[in-house]
Amino acid sequence: MSATRSSTAAAAAFLTFFLKAHLCTAAPVNGSKWSYIELEGYNVSINEQFILTNNGHSVHYNSDKYPDLKAAMDKSDGLAVLAILIETGPFNPSYEKIFSHFQNVKYKDQETFIPGFNVQELLPDRLDEYYRYEGSLTTPPCYPSVLWTVFRKPVQISEEQLLALETALYCTQPNDPVPLEMVNNFRRVQEFDERLVSVSFRQGRQVAFGQMHPATTIT
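The sequence shown maps to residues -26 to -1, 1 to 193 in mature numbering (1 follows the signal peptide of the UniProt record, and there is no 0).
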């Protein structure tokens, strides 16, 4: 997935993390299953390392029920994704901890290690304001097993950082005679299918819980 300059865009998920995000059950809202976010395991010592891959995703699995990501992948309560919106603005030193390693993962199946850091630096300030719905993986096998949490407030990166995100990665092997840039690889818009999209924040005098307009694009 690639971001665009003309509008706020969903951040590409390119870090392979083995972390745990608790989605702790709280009081139901409008009869729907609801939870709050409790982050655990995100502050990683600089003495430890992350694996950065060319084709990875930052996907969390339900470690209370399943032994690993593979076992959880096709289960209705198996996966969770925290989605961040990105827009252009000032230089972001936290994201540069990832972007500066792009040259080591330019091509398909390449991977490199990067020093640990507090991953919560990548998230927006207001973690209590988000949209949530039951969706699916955006890449094959596209299982409908993901609890999506999309933070309302975007984070900012510079024009130069956005350009690096747009142009640094390829879908092909290093020796491929026709290199293919990793752009325009988003999944087609899926049917709304009357899914409930809930929000966690108040807007004006209205409590913004409930079903959003059917034209809403979800995955």
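Positions of the beta carbon are idealized from the N, C-alpha and C atoms, including for glycine.
Where residue i and residue j are concerned, what is the direct C-alpha to C-alpha distance, given to the nearest angstrom?
{"i": "residue 113", "j": "residue 176", "result": "33 angstroms"}
{"i": "residue 23", "j": "residue 71", "result": "12 angstroms"}
{"i": "residue 145", "j": "residue 138", "result": "15 angstroms"}
{"i": "residue 35", "j": "residue 43", "result": "6 angstroms"}
{"i": "residue 164", "j": "residue 90", "result": "36 angstroms"}
{"i": "residue 122", "j": "residue 148", "result": "33 angstroms"}
{"i": "residue 102", "j": "residue 172", "result": "13 angstroms"}
{"i": "residue 151", "j": "residue 33", "result": "32 angstroms"}
{"i": "residue 167", "j": "residue 78", "result": "41 angstroms"}
{"i": "residue 41", "j": "residue 51", "result": "13 angstroms"}
{"i": "residue 39", "j": "residue 115", "result": "21 angstroms"}
Give me, in chain order, the residues of the same chain whose beta-carbon lies closer than 7 angstroms to that of residue i; leave out the 5 immediate sequence neighbours on both sides.
{"i": "residue 120", "result": "53, 54, 55, 109, 110, 111"}
{"i": "residue 95", "result": "68"}
{"i": "residue 47", "result": "53, 117, 119"}
{"i": "residue 99", "result": "127"}
{"i": "residue -23", "result": "Any reading at residue -23 is ruled out, since the residue's pLDDT is 39, under 50, leaving its predicted position unreliable."}
Under the assumption that residue i contacts residue j (Cβ atoms under 8 angstroms), give the Cβ distance between them as a whole number of angstroms.
{"i": "residue 169", "j": "residue 107", "result": "6 angstroms"}
{"i": "residue 84", "j": "residue 28", "result": "5 angstroms"}
{"i": "residue 130", "j": "residue 73", "result": "Going by Cβ atoms, the distance from residue 130 to residue 73 rounds to 14 angstroms, so no, they are not a contact pair."}
Measuring CB to CB, does residue i end up less than 8 angstroms from residue j?
{"i": "residue 25", "j": "residue 128", "result": "no"}
{"i": "residue 271", "j": "residue 174", "result": "Missing from the structure shown is residue 271; the chain here goes from -26 to 193 and no further."}
{"i": "residue 62", "j": "residue 132", "result": "yes"}
{"i": "residue 65", "j": "residue 143", "result": "no"}
{"i": "residue 45", "j": "residue 125", "result": "no"}
Take residue i and list the residues in its own chain whose beta-carbon comes closer than 8 angstroms to its own, dropping the five residues that flank it on each side.
{"i": "residue 155", "result": "141, 143, 144, 145"}
{"i": "residue 5", "result": "Only weak support exists for where residue 5 lies, its pLDDT of 33 falling under 50; the value from the coordinates is given anyway. Correct list: empty, nothing qualifies."}
Tell me which same chain residues have a C-beta within less than 6 angstroms of the C-beta of residue i, skipping the five on either side of it?
{"i": "residue 88", "result": "24, 26, 75"}
{"i": "residue 49", "result": "119"}
{"i": "residue 153", "result": "144, 146"}
{"i": "residue 97", "result": "none"}
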